[in-house]
Amino acid sequence: MKVWDYVWRGHDPTSVAVMTEDGAAVTGLAIAAASLVAVKTTGNAIYDPIGSIIVGNLLGMVAIFLIQRNRHALIGRAIDDHDMERVLEFLKSDPVVDALYDCKSEVIGPGFFRFKAEIDFNGVVVVQNYLERTGRDEWAKRFRDAAKSGDDSALLKAMASYGEDVVEALGSEVDRLECEIQKIVPGIRHVDIEAHNPEALSVSLGKEK
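For the sequence shown, position 19 matches number 19 in my numbering, and the numbering has no gaps at all.
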């Protein structure tokens, strides 16, 4: 990151304050020296108050800039747009993701972020990935054997075991997405991915009515 970009978008307000204050001090000294040289050279004392006014305005602008930077740090800032776009592009391109909802980010420290998103998962892809890892033929055999036995409890047991494994497979997909997000933006220390459930929202809205 360039120095100018760091001053404008750096996540450590203390470092930015030191850089801008020291920069203003050095610039102020240069302006004061130039005004004194102008007075000495021309013999016109007007350059002295002009230099003082310029230095005062410079310090005032630096103070206003730091107030704005610190205000954003106090009320919470989002991750840089470029990094946010990289994360969202990755999620949108992943086969297990159907749609994204309520994506948010927050700076929690100098260079550290939190990212949160609700994802509508593609259940078909999640199941296909799981069956490719575990073997679809094995599950097909277990279901056929349970159905042929005529024992409802055996079939229910097979279905319950399958459902539990699919839920764990969804958890594995969430873990994979979280790891990939942290690789894309290493500063993201906390990733909160939730499964989006539009039916739950419609039910809650119905109760409110």
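For glycine and all other residues, C-beta sits at the position ideal for the given N, C-alpha and C.
- The beta carbon of TYR47 sits closer than 6 Å to the beta carbons of SER35, ALA38 and VAL39 from its chain, once the five residues preceding and following it are set aside; these are given in chain order.
- Taking the Cα positions, GLU194 is about 6 Å away from ILE119.
- Burial state of GLU173 is buried, judged by a 10 Å Cβ sphere holding 16 or more other Cβ atoms.
- Around the beta carbon of VAL18, fewer than 16 other beta carbons sit within 10 angstroms, so the residue counts as exposed.
- In terms of Cα proximity to GLY135, the closest of GLY150, VAL166, GLY109 and MET61 is VAL166.
- Counting only the Cα atoms, CYS179 lies some 26 Å from TYR162.
- Counting C-beta pairs closer than 8 Å gives fewer than three between the segment 57 to 71 and the segment 153 to 161, which falls short of the contact rule.
- Each residue's CA atom was taken as its position, placing ILE31 and VAL107 some 37 Å apart.
- In the DSSP assignment, ALA99 falls within the unbroken beta strand (DSSP E) covering 97 to 109.
- Just so you know, the alpha carbons of ALA146 and LEU100 end up roughly 38 Å apart.
- By the neighbour-count definition (other C-beta atoms within 10 Å, threshold 16), LEU29 is an exposed residue.
- A residue is called buried when at least 16 other Cβ atoms come within 10 angstroms of its Cβ; GLY123 does not meet this threshold and is exposed.
- By the neighbour-count definition (other C-beta atoms within 10 Å, threshold 16), GLY51 is a buried residue.
- For ILE79, no alpha helix (DSSP H) segment is defined, and its DSSP state is neither H nor E.
- If you look at ASP137, you'll find it isn't in any beta strand (DSSP E); it sits in the alpha helix (DSSP H) that goes 136 to 149.
- Between the alpha carbons of THR14 and LYS104 lies a distance of about 25 Å.
- The residues LEU91 and ILE119, in chain order, have a CB closer than 6 Å to that of VAL97 in the same chain once the five nearest residues on each side in sequence are set aside.
- The residue among PHE112, ARG142 and LYS116 with its C-alpha nearest the C-alpha of ILE188 is PHE112.
- Taken in chain order, the complete beta strand (DSSP E) segments of 3 residues or longer contained in the segment 157 to 199 are 188 to 195.
- Around the beta carbon of ARG133, fewer than 16 other beta carbons lie within 10 angstroms, which makes this residue exposed.
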